[in-house]
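Each remark here refers to the structure printed beneath this line.
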Amino acid sequence: MQGYIKRNVESNIQNALKEFPVLMVTGARQVGKSTLLRSLETEVEYEYITLDNPLDRASAISEPQAFLRRHKPPIIIDEIQYAPELLPYIKILVDEKRFEDKQNSNGMFILTGSQMFKLMKGVSESLAGRVCIFHLYGLSHNEILGEKDLPFLPTHERIGEGANKKHFSIDELYEVIHRGMFPELTHGVNIQNFYSGYLQTYLERDIRDIVAIKDEMKFLKFMASIAVRTAQEIRYDDITKEVEIDIKTAQSWLSILQTSGLVYMLQPYSNNAIKRIIKTPKIYFMDTGLACFLARYVDSRTLEVSAYSGAIFETYVMTEIIKTYSNSGMYPELYLYFYRDSNKKEIDLLIVQNGIVYPVEIKKSGNPSTAIVNNFSVLSPLEKANLKISEGGVICMVDKIVPINNRNNFIPVQCI
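If you count by my numbering, then the sequence shown holds residues -19 to 396, one letter each, in order.
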């Protein structure tokens, strides 16, 4: 496909098709789910049906069994959330095929959905044990460069693999941040027109389908309120006052943004060895361009010198790290946390793998203080809980890897 940027999750999807009868790719609108699957190299040819088509949707809803007799596996069904009535019949077909020929039952159905809010309940009820789920985000910087995504760790070995990538100047980075990472924007589409249309589609199609919101402009104001708070802990009192809604509504609407794939909730790290932990999650907009649009930053230069620049830099770094895990077929929620305690000691990111904790700070500066890593000492009680505190670092705007001490480094942002 002309202009197609190869997605790093492809190899994991191809492997999953050999192990599961149903594969599902979820993610926000316009992140490239349909393009990915239609470009995927597979051993068999898949029929492609999109339920965005009103005729196919009506048929799938009114006659799901007949629909699946006409459109037999192997098949890709795009936007499956429009016809959840299909899911029980997909389960029946899968179970029949497994009984007849289990070895050849894998890869029967590929499903996509951009409304996880109402979709996942049906999937968990009908397809448990039969489906492998991947969550797709916008392009990663590595994908744009044609590089592989490896789950980020701040080890010297891992960051050394990215040391030869092109160094971002501050202006270049904020142009990327301001544009965002939706695939369509790599083709020179006007940013303002794209995001205006994107929000209109999201409000008119997804939100109306998910929940009855009487005042769409108030929901848009809520989205903007969340966008300006990206990289911050959730404070519902401030949001409810600003948007003039109650806490229950704010929590419900935030859940919609999260399950739509537009925001990510980073959970605080919890361990009995560390006391006085704050339990409020941090929120990140998963596309920096959409966040900037909602926060009304119309150009990258103004963004770079604004009070918002540090938070949006942290958001960019966090979303790129999240993508390295998601694109590798790993659930970021199992590995990525942050630390904050009642003494206001903070660490932006803790990566926890195999009983090892890797602390990371994120700073916009090109010349940060070495004192930034002093807070890493709050993790020392974890060693009594049989956890190892390993290499860490500060992701920032330095142009090369610079040692801070024998355990930590300043890490250029391109090394993610």
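By construction, the Cβ of each residue, glycine as well, lies at the ideal position given by its N, Cα and C atoms.
This structure is a prediction, so every number in the text was calculated from the model and none was measured.
Margin query: If contacts are defined as beta-carbon pairs under 8 Å, then Glu246 and Phe202 qualify, I think. What distance do you get, rounded to the angstrom?
Written below: Numbered from its first residue, the sequence shown carries residue 246 at position 266. Numbered from its first residue, the sequence shown carries residue 202 at position 222. Checking the displayed sequence, the identity of residue 246 turns out to be Leu instead of Glu. Their Cβ separation, rounded to whole angstroms, is 20 Å, which puts Leu246 and Phe202 out of contact at 8 Å.
Next item on the list: Could you spell out where the alpha helix (DSSP H) holding Asp75 opens and where it closes?
Entry: Here residue 75 is taken as the residue at index 95 of the sequence shown, counted from 1. Asp75 -> alpha helix (DSSP H) spans 66 to 81.
Notebook entry, point to check: What first and last residue would you give for the beta strand (DSSP E) that runs through Leu330?
Noted result: As a position in the sequence shown, residue 330 is number 350, starting the count at 1. Per DSSP, Leu330 belongs to the beta strand (DSSP E) from 326 to 333.
Checklist line | Integer Cβ distance of Asp253 from Leu362, believed to fall under 8 Å | finding: By one-based count along the sequence shown, residue 253 stands at place 273. By one-based count along the sequence shown, residue 362 stands at place 382. Sequence check: residue 253 is Ala here, not Asp. Right, their Cβ atoms sit about 5 Å apart.
Next item on the list: Compute the Euclidean distance between the alpha carbons of Pro68 and Leu107, then round it to the nearest angstrom.
Entry: Along the sequence shown, read from residue 1 onward, the residue named residue 68 stands at position 88. Along the sequence shown, read from residue 1 onward, the residue named residue 107 stands at position 127. Looking at the two C-alpha atoms, the distance is approximately 8 Å.
Margin query: Tell me which residues share the same chain as Glu403 and place their Cβ nearer than 7 Å to its Cβ, disregarding the 5 neighbours each side in the sequence.
Written below: Here the chain covers residues -19 to 396 and nothing more, so residue 403 does not appear.
Check: How about Thr30: is its Cβ closer than 7 Å to a heavy atom in the ligand PLP?
Finding: The ligand PLP is not part of this structure, which contains no ligands at all.
Next item on the list: For Leu153, I'd like the list of residues in its chain whose CB is within less than 6 Å of its CB, leaving aside the five on either flank, ordered along the chain.
Entry: As a working note, residue 153 is residue 173 in the sequence shown. Same-chain partners within the cutoff: there are none.
Checklist line | Spatial distance of Glu294 from Arg37 (CA atoms) | finding: As a first step, residue 294 is located in the sequence shown; it is residue number 314 there, counting from the start. As a first step, residue 37 is located in the sequence shown; it is residue number 57 there, counting from the start. Spanning the two alpha carbons is a distance of roughly 41 Å.
Margin query: So, under 8 Å CB-CB, Phe114 and Pro1 are touching, yes? Tell me the CB distance rounded to an integer number of Å.
Written below: Translated into the one-based positions of the sequence shown, residue 114 becomes position 134. Translated into the one-based positions of the sequence shown, residue 1 becomes position 21. That belief does not hold up - the Cβ atoms of Phe114 and Pro1 are roughly 15 Å apart, past 8 Å.
Notebook entry, point to check: Is the beta carbon of Gln10 sitting closer than 8 Å to the one on Tyr178?
Noted result: If you number the sequence shown from 1, residue 10 lands on position 30. If you number the sequence shown from 1, residue 178 lands on position 198. Contact flag set, yes.
Note to self: Checking the sheet assignment: what are the DSSP bridge partners for His115?
What the structure shows: Taking the sequence shown and counting its residues from 1, the one referred to as residue 115 is at position 135. Thr6, per the DSSP bridge assignment.
Notebook entry, point to check: Do you know whose CA, among Gly87, Val297, Ile391, Arg110, lies nearest Asp75's CA?
Noted result: For the purposes of this step, residue 75 is taken as residue 95 along the sequence shown, with counting starting at 1. Minimum Cα distance to Asp75 is reached at Arg110.
Checklist line | Anticipated Cβ contact below 8 Å, Asn264 with Thr299, distance rounded | finding: Counting from one through the sequence shown, the residue named residue 264 turns up at place 284. Counting from one through the sequence shown, the residue named residue 299 turns up at place 319. In the sequence under discussion, the amino acid at residue 264 is Tyr, which differs from the Asn named in the question. Going by Cβ atoms, the distance from Tyr264 to Thr299 rounds to 6 Å, so yes, they are a contact pair.
Checklist line | Of the listed residues Ala(-4), Leu16, Val358, nearest to Cys112 (C-alpha basis) | finding: For the purposes of this step, residue 112 is taken as the residue at position 132 of the sequence shown. Among Ala(-4), Leu16, Val358, the Cα nearest to that of Cys112 is on Ala(-4).
Checklist line | Euclidean distance between Cα positions of Lys368 and Val337 | finding: Numbered from its first residue, the sequence shown carries residue 368 at position 388. Numbered from its first residue, the sequence shown carries residue 337 at position 357. Each residue's alpha carbon lies about 6 Å from the other.
Check: How do the stretch 267 to 278 and the stretch 154 to 162 stand: do at least 3 beta-carbon pairs fall below 8 Å, yes or no?
Finding: yes
Item checked: Contact set for Pro348: own chain, Cβ-Cβ below 6 Å, skip 5 residues either direction -> As a first step, residue 348 must be located in the sequence shown, where it is residue number 368. If we look at Pro348 and ignore the five residues flanking it on each side, its Cβ neighbours are Val374, Cys376.
Margin query: Please state the DSSP three-state secondary structure of Leu165.
Written below: The residue you call residue 165 lines up with position 185 of the sequence shown. Helix.
Note to self: With the cut-off set at 8 Å, would you say Ile219 and Lys198 are in Cβ contact?
What the structure shows: Taking the sequence shown and counting its residues from 1, the one referred to as residue 219 is at position 239. Taking the sequence shown and counting its residues from 1, the one referred to as residue 198 is at position 218. For Ile219 and Lys198, no; Cβs fall outside 8 Å.
Check: Taking the DSSP output, what are the residues bridged to Pro312?
Finding: For the purposes of this step, residue 312 is taken as the residue at position 332 of the sequence shown. DSSP output for Pro312 lists no bridge partner at all.
Notebook entry, point to check: Using CA coordinates, which residue listed in Met310, Ile227, Gln212 is at the minimum distance from Leu116?
Noted result: Counting from 1 along the sequence shown, the entry for residue 116 is found at position 136. When only C-alpha atoms are compared, the closest one is Met310.
Item checked: As assigned by DSSP and simplified to three states, the class of Thr22 -> Within the sequence shown, numbered from 1, the residue matching residue 22 stands at position 42. Coil at Thr22, not helix or strand.
Item checked: Nearest-angstrom Cα separation, counted from Ile139 out to Lys146 -> One-based indexing of the sequence shown puts residue 146 at position 166. One-based indexing of the sequence shown puts residue 139 at position 159. Spanning the two alpha carbons is a distance of roughly 14 Å.
Item checked: beta strand (DSSP E) segments (min. 3 residues) lying fully within the stretch 252 to 323 -> 262 to 265, 316 to 320
Note to self: What residue range does the alpha helix (DSSP H) around Asp379 cover?
What the structure shows: The residue labelled residue 379 in the question sits at position 399 within the sequence shown. Premise fails: Asp379 is in no alpha helix (DSSP H) and is neither H nor E.
Notebook entry, point to check: Out of curiosity, what's the CA-to-CA distance linking Ile41 and Ala63?
Noted result: Here residue 41 refers to the residue found at position 61 when the sequence shown is read from its first residue. Here residue 63 refers to the residue found at position 83 when the sequence shown is read from its first residue. Using only the alpha carbons, I get a separation of about 5 Å.
Check: Quick one: what does DSSP say Tyr178 is sitting in, helix, strand or coil?
Finding: By 1-based counting over the sequence shown, the position of residue 178 is 198. Here Tyr178 sits in helix by DSSP.
Item checked: Opposing strand residues paired with Tyr244 [DSSP bridges] -> Start at 1 with the first residue of the sequence shown, and residue 244 comes out as number 264. For Tyr244, which the question treats as bridged, DSSP gives the partners Tyr264.
Checklist line | Selected residue, minimal CA-CA separation from Ser357, among Lys325, Pro383, Gln333, Lys221 | finding: Translated into the one-based positions of the sequence shown, residue 357 becomes position 377. Ser357 has its Cα closest to that of Lys325, out of Lys325, Pro383, Gln333, Lys221.
Margin query: Counting C-beta neighbours from all protein chains within 10 Å, is the total for Glu25 16 or more, i.e. buried, or is it exposed?
Written below: The residue labelled residue 25 in the question sits at position 45 within the sequence shown. Glu25 should be labelled exposed.
Check: Nearest-angstrom Cα distance between Lys262 and Ser19?
Finding: Walking along the sequence shown from the start, residue 262 turns up at place 282. Walking along the sequence shown from the start, residue 19 turns up at place 39. Roughly 35 Å between the two C-alpha positions.
Item checked: Cβ shell of Asn251 (< 7 Å), same chain only, five flanking positions each side left out -> For the purposes of this step, residue 251 is taken as the residue at position 271 of the sequence shown. Answer for Asn251: Leu362, Ala365, listed in chain order.
Item checked: C-alpha distance - Glu141 paired with Asp129, whole-angstrom precision -> To locate residue 141, count along the sequence shown from 1; it is residue 161. To locate residue 129, count along the sequence shown from 1; it is residue 149. Approximately 11 Å between the Cα atoms of the pair.
Notebook entry, point to check: Whose CA, out of Lys259, Asp195, Ala204, Phe390, lies closest to the CA of Leu237?
Noted result: Position 257 of the sequence shown, counted from the first residue, corresponds to residue 237. It is Ala204.
Next item on the list: Check each candidate in Ser(-9), Thr6, Leu165 and name the one with the smallest Cα separation from Gln61.
Entry: Stepping through the sequence shown from its first residue, residue 61 is reached at position 81. Of the listed residues, the one whose Cα sits closest to Gln61 is Thr6.
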